[in-house]
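Shown next, in structure tokens, is the structure this report addresses.
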Amino acid sequence: MISEWIVSILLLLGGLFILIGSIGLIKLPDFFMRLHGPTKATTLGMASVLTAAMVFFANSASGLSVKEILITTFLLITAPISAYMLIKTAIHHKLKAKDGTKGLDNIEKD
Amino acid sequence: MRLEARFRWLPTPFRSLFLFIVWLLLNNSVSVGHIILGALLALLIPLFSMSFRDPQPLILKPGLAFKQLLIVLYDIIVANLQVALLIMGPSKNLRPGFVKVPIDLMHEMPITILASCVSLTPGTVSAEVYPLIKSLNNDDNPTQRYLLIHVLDLDDEQALIERIKVRYEAPLKEIFQC
Amino acid sequence: MLDTVLLIVFSMVGLSLMLNLWRLIIGPSVPDRILALDTMYINVIALIILYSISMGTGMYFEAALLIAMLGFISTVAVCKYLLRGDIIE
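Residue numbers (our numbering), protein chains in the order written: chain P, 1347 to 1456; chain H, 69 to 246; chain Y, 2 to 90.
Structure representation (structure tokens):
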């Protein structure tokens, strides 16, 4: 019974974070700011959904499964790398940053 | 800092341990057969892939590395709550900006770990390492290196640089002893 | 209770997939579209995990792992192509 509560709360939190990440993708004004939503909010959302799945299967007939840890670790390792590649591409394509962005002269020409 | 491992047949001890754990997790069992096969793979894969990689500094303080991992995990959760609040708030109040952080680390592996930590924690994404050179492992021309980061809501630039240097870079220097 | 919660979370993830699709269509630049695709595959992993919870079997984790790996590799490959005009130099 307790485990069902834990699973429900973790699932709701995860869904909320995933939704917030996607809202950030729609709502923020320029590419560099949009990058913040998916790299952080979606990763934590996935982590809590996977934790919920682990708690659920530990209490069900199929027994404890640990593959969720593997998926979570993989997402945590790869999210910064794909963010780095994307922001490098954006700088290479000289995308416009939002007006009033500070320190634009810190970007060096390549 | 040490580039060479203690034993020739075990060039990267912690990566071998990581591979062994990943093998057991993938198979979801701890039977004798999988332990033997996993140990064999964890010994052989680093040996065969050694010649493709540049030598990287080894982890010399495993206890401190574990503590730093817990700190970063805690920061990830706090960072996500902050970023979620920033995203849901009105977006014209945000003050985005690019910041150049001077870093003292010299080698590819520690810089990669630092950049990943910065990307996963409060409102910052690392964008580039300056100066752009082919290999970071040349010790003969140690110029000052910079990490370019993009900040979602920039309040105080100096405080942010100080925070990154104290919270993430200093422990990494301690772990790799460089 | 779990069934209701699963239904709510399913609709949340579905809504985020629709928002990602909207960003994928309106662009306006190529990196924006790659970012939308990258977010979409992570949301699809969440959808698969939710489905496996509602079915009560652990059979779907291999699929989730494979999608995670292929999505990451394809994002990096497309970025590399846009940066250099070549994937393997």
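Yeah, the Cβ is synthetic: ideal placement off N, Cα and C, and Gly gets one too.
Beta-carbon separation (whole angstroms), residue i vs residue j, contact threshold 8 Å
i	j	result
F1377 (chain P)	D33 (chain Y)	6 Å
M1392 (chain P)	A47 (chain Y)	6 Å
L7 (chain Y)	I50 (chain Y)	Incorrect: roughly 11 Å between the Cβ atoms, too far for contact.
P125 (chain H)	H175 (chain H)	5 Å
Sequence-distant residues of the same chain with beta carbon closer than 6 Å to residue i, five excluded per side
i	result
V140 (chain H)	C185
Y198 (chain H)	Y214
L1357 (chain P)	A1398
T1385 (chain P)	A1425, A1429
L1441 (chain P)	F1377
L128 (chain H)	Q245
I144 (chain H)	L188
T1388 (chain P)	I1364, G1367
Contact set for residue i: own chain, Cβ-Cβ below 7 Å, skip 5 residues either direction
i	result
L1352 (chain P)	Reading off the sequence shown, one finds Ile at residue 1352 (chain P), where the question assumed Leu. Taken in chain order, the residues that qualify are V1401.
S17 (chain Y)	N44
L1432 (chain P)	L1381
V14 (chain Y)	N44, A47, L48, L51
G28 (chain Y)	R34
L1396 (chain P)	E1414, I1417, T1418
A195 (chain H)	L216, I217, H218
I1453 (chain P)	I1437
L87 (chain H)	L109, A110, I113
Sheet register partners of residue i (DSSP bridge)
i	result
T192 (chain H)	H:V219
G165 (chain H)	P:K1448, H:V219
V197 (chain H)	H:L215
P170 (chain H)	H:Y214
Own chain residues within Cβ distance below 8 Å of residue i, not counting five before or after
i	result
L1450 (chain P)	A1443
N148 (chain H)	none
L1374 (chain P)	R1380, H1382, G1383
L154 (chain H)	L162, G191, L220, D221
W91 (chain H)	H102, L105, G106, L109, A110
Positions along the region 1361 to 1395 of chain P whose CB lies within less than 9 Å of some CB in chain H: L1362, F1363, I1366, G1367, I1369, G1370, K1373, L1374, P1375, D1376, F1378, M1379, L1381, H1382, G1383, T1385, K1386, A1387, T1389, L1390, G1391, A1393
Near-chain P residues of the region 155 to 171 of chain H - C-beta to any C-beta below 9 Å: I155, M156, S159, K160, L162, R163, P164, G165, F166, V167, K168
Residues of the region 170 to 185 of chain H with Cβ closer than 9 Å to any Cβ of chain P, in chain order: T180, A183, S184, C185
Minimum length 4: unbroken alpha helix (DSSP H) runs contained in the region 69 to 157 of chain H: 81 to 95, 100 to 117, 130 to 156
Secondary structure, alpha helix (DSSP H): runs of 4+ residues fully inside the region 5 to 83 of chain Y: 31 to 56
Chain H contacts from the region 1398 to 1414 of chain P (Cβ-Cβ distance under 8 Å): For the region 1398 to 1414 of chain P, which is checked against every Cβ of chain H, the residues closer than 8 Å are S1411, V1412, K1413.
Interface positions of the region 1422 to 1440 of chain P facing chain Y (Cβ-Cβ less than 8 Å), listed along the chain: T1424, I1427, S1428, M1431, L1432, K1434, T1435, A1436, H1438, H1439
Contact list for the region 22 to 42 of chain Y against chain P, Cβ threshold 8 Å: W23, R24, S30, V31, P32, D33, I35, L36, A37, D39, T40
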